[in-house]
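Remarks on the structure that follows.
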Amino acid sequence: MPAVETAPAAPPRPRLPPRPDLSRLMMSAGFMLVPTRFLDACHERCGDYFTLRPTADREIVVTADPEAVRRVFTGDPDLLHAGEGNITLAPLLGPGSVLLLDGAEHLRHRRLLLPPFHGERMRAYGETMEEVAERRIREWPSGRCFAVLPSMQAITLEVIMRAVFGFEDAERRDRIGGPLRRILDAVASRPRVLALALTAGRNGPLSPWRRFAALRERADELLYAEIAARRRDPGGEHGDDIFSLLLAARDPDGRPLSDSELRDELITLLLAGHETTATALAWTLERLARAPRVLDRLLSAEAAGDDSYLDAVIKETLRLRPVVPAVVRRLQAPMELGGWELPAGANIAPSIYLVHRRPDIYPRPLAFRPERFLEDPPGTYEWIPFGGGVRRCLGASFA
């Protein structure tokens, strides 16, 4: 009987990309405190895919591959949970935040939140932004250096207080905005956020979490009182602000947002929209101050009524200085990505920062060249400062 030859079995594909030779503490600290430097170092060592394991039960596969970004952003949201990927934000935002929801509840909240960020309302909000910015800029000192970020934070906070919350008079902005501003201060830097994450739920006398929880409780008292007052008088002095529009919004079944859901979404709009926008504006001015050629061309274009170069300047700033270095999805089933077999439960993190610095997409990637967005605009999944797919930032047009 002739011998039967069998082909050798193909070797199994590795399940996870390589991991940098660092302790869990170093991974957590690096990603939280100096994320861009940390991502650069890992990318240089490991390539377009690498695995981080900041805790014993959490694996994060970071990718700088635009094709992987496309697959993640266009993949089935029931298999790629962004809400679970953002779970560390739960103590800050609350369980009803659109950033923490998945599946049907996420779609319900997103549909209720979308209408205020489109159409004529955006033009009205733009007028508020212009008025606030012009007034604040007139207060800038002349002839000397000054820190621009605090001014940008003041501009974005006032815009949010007026356009989102509907607080037009200064007294109401100060009364309710004061506690909200103190919450923003508590999460205004990565070390502070890390301290809150490490002490969440701990109420010792020196715990940063204890102080934050007290600030949050005071802000919640004011927000819930405001929600109750507006529900009692829906036709009051408000109407066009996002707060009032969300109060009136109904899903296809006729259900409104509950008080707690509304509170969580308002806090989300505040925390997601304030520091990120202020930081992006500050980086834009920093880039222009270091690039007089770009500034001169921008001023000439604006004088001629051409906004296309301004748009390119903003896009180039967000390419070089994205305010969110990576986004996370948690796998609900195994997935093949870039030749790697990723198990259910793994987290996939498309890195906005690393994709934006690929030399094959952006020649001379470290150079500040707004012209690249006029000459050869990048593809859909090659410029992603606002994320993508059904999780794309709701407030992108507002920002």
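Taking our numbering, the leading residue of the sequence shown gets 554, the next gets one more, and so forth.
By construction, the Cβ of each residue, glycine as well, lies at the ideal position given by its N, Cα and C atoms.
Span of the alpha helix (DSSP H) around residue i
i: glutamate 894; result: From DSSP, glutamate 894 is part of no alpha helix (DSSP H) but of the beta strand (DSSP E) over 893-895.
i: threonine 589; result: 588-599
i: threonine 616; result: Looking at the DSSP string, threonine 616 is not in any alpha helix (DSSP H); the run it does join, the beta strand (DSSP E), is 611-616.
i: phenylalanine 765; result: 761-785
i: phenylalanine 699; result: No alpha helix (DSSP H) holds phenylalanine 699; DSSP gives it neither H nor E.
i: leucine 799; result: 795-801
i: arginine 911; result: Careful: arginine 911 lies outside any alpha helix (DSSP H) and carries neither H nor E.
i: valine 847; result: 845-856
i: alanine 753; result: Per DSSP, alanine 753 belongs to no alpha helix (DSSP H) and is neither H nor E.
i: leucine 947; result: Taken as a continuous stretch (DSSP letters only), leucine 947 belongs to no alpha helix (DSSP H), as it is neither H nor E.
i: glutamate 724; result: 723-739
i: leucine 919; result: Neither: leucine 919 is in no alpha helix (DSSP H) and is coded neither H nor E.
Candidates the options, of which the one nearest residue i by Cα
i: alanine 865; options: Arg816, Pro930 and Leu838; result: Pro930
i: proline 630; options: Arg611, His659 and Thr641; result: His659
i: arginine 623; options: Gly932, Ala949, Leu947 and Ser950; result: Gly932
i: serine 581; options: Ile613, Tyr602 and Asp601; result: Ile613
i: glutamate 684; options: Leu848, Glu721, Leu800 and Arg925; result: Glu721
i: phenylalanine 946; options: Leu822, Ala831 and Arg769; result: Here the sequence assigns cysteine to residue 946, which means phenylalanine is not the residue at that position. The residue with the shortest Cα to Cα distance from cysteine 946 is Leu822.
i: phenylalanine 921; options: Pro845, Ala899 and Ala657; result: Pro845
i: glutamate 814; options: Asp618, Ser861, Pro648 and Lys868; result: Pro648
i: arginine 688; options: Ile708, Cys698 and Glu894; result: Ile708
i: histidine 827; options: Ala741, Gly754 and Arg771; result: Ala741
i: phenylalanine 584; options: Leu569, Leu605, Arg572 and Arg568; result: Leu605
i: isoleucine 736; options: Ile780, Glu770, Cys698 and Arg598; result: Glu770
i: proline 573; options: Asp593, Ala781 and Phe603; result: Phe603
i: tyrosine 906; options: Ser576, Thr616 and Leu586; result: Thr616
i: arginine 872; options: Trp836, Pro896 and Asp849; result: Trp836
i: glycine 656; options: Phe951, Arg944 and Ala952; result: Arg944
i: valine 847; options: Leu863, Ala856 and Gly858; result: Leu863
i: phenylalanine 670; options: Ala716, Ile780 and Asp738; result: Ala716
i: alanine 902; options: Asp913, Arg911, Leu890 and Arg910; result: Leu890
i: alanine 750; options: Met579, Pro805, Gly600 and Thr641; result: Thr641
i: proline 805; options: Phe951, Leu645 and Arg664; result: Arg664
i: glutamate 597; options: Ala778, Pro571 and Thr608; result: Pro571
i: aspartate 859; options: Leu927, Ala748, Gly754 and Ala621; result: Leu927
i: serine 950; options: Gly679, Pro588, Ala886 and Arg697; result: Gly679
i: leucine 710; options: Leu666, Ala748 and Thr829; result: Thr829
i: tryptophan 936; options: Ile780, Thr870, Val587 and Arg840; result: Thr870
Nearest-angstrom beta carbon gap, residue j and residue i [assumed within contact, 8 angstroms]
i: histidine 634; j: arginine 882; result: 6 angstroms
i: leucine 775; j: isoleucine 729; result: 5 angstroms
i: alanine 833; j: valine 876; result: 6 angstroms
i: aspartate 817; j: serine 650; result: 5 angstroms
i: alanine 766; j: glycine 948; result: About 26 angstroms; that fails the 8 angstroms criterion.
i: glycine 636; j: leucine 654; result: 5 angstroms
i: serine 797; j: glycine 719; result: 6 angstroms
i: glycine 941; j: phenylalanine 626; result: 4 angstroms
i: proline 619; j: tyrosine 934; result: 5 angstroms
i: proline 896; j: arginine 568; result: 6 angstroms
i: leucine 652; j: proline 878; result: That belief does not hold up - the Cβ atoms of leucine 652 and proline 878 are roughly 16 angstroms apart, past 8 angstroms.
i: methionine 705; j: alanine 831; result: 4 angstroms
i: arginine 784; j: leucine 800; result: 7 angstroms
i: arginine 969; j: glycine 757; result: No statement about residue 969 is possible, as the shown extent of the chain runs from 554 to 952 and does not include it.
i: valine 701; j: leucine 838; result: 5 angstroms
i: proline 732; j: leucine 768; result: 7 angstroms
i: leucine 632; j: leucine 884; result: 7 angstroms
i: arginine 910; j: proline 918; result: 4 angstroms
Limits of the beta strand (DSSP E) - the one that residue i falls within
i: isoleucine 937; result: No beta strand (DSSP E) holds isoleucine 937; DSSP gives it neither H nor E.
i: alanine 899; result: That residue, alanine 899, is in no beta strand (DSSP E); it is neither H nor E in DSSP.
DSSP beta-bridge partners of residue i
i: tyrosine 602; result: Thr616
i: leucine 633; result: Leu884
i: threonine 608; result: Arg611
Checklist entry - Taking the runs of the alpha helix (DSSP H) that are 4 residues or longer, which of them lie wholly in the segment 858-891? => result 861-873
Checklist entry - Can you give, in chain order, each stretch of the alpha helix (DSSP H) that sits fully within the segment 641-697 and has at least 4 residues? => result 643-646, 656-666 and 673-691
Checklist entry - What are the uninterrupted segments assigned as alpha helix (DSSP H) that are 4 or more residues long and contained completely in the segment 797-842, given in chain order? => result 812-842
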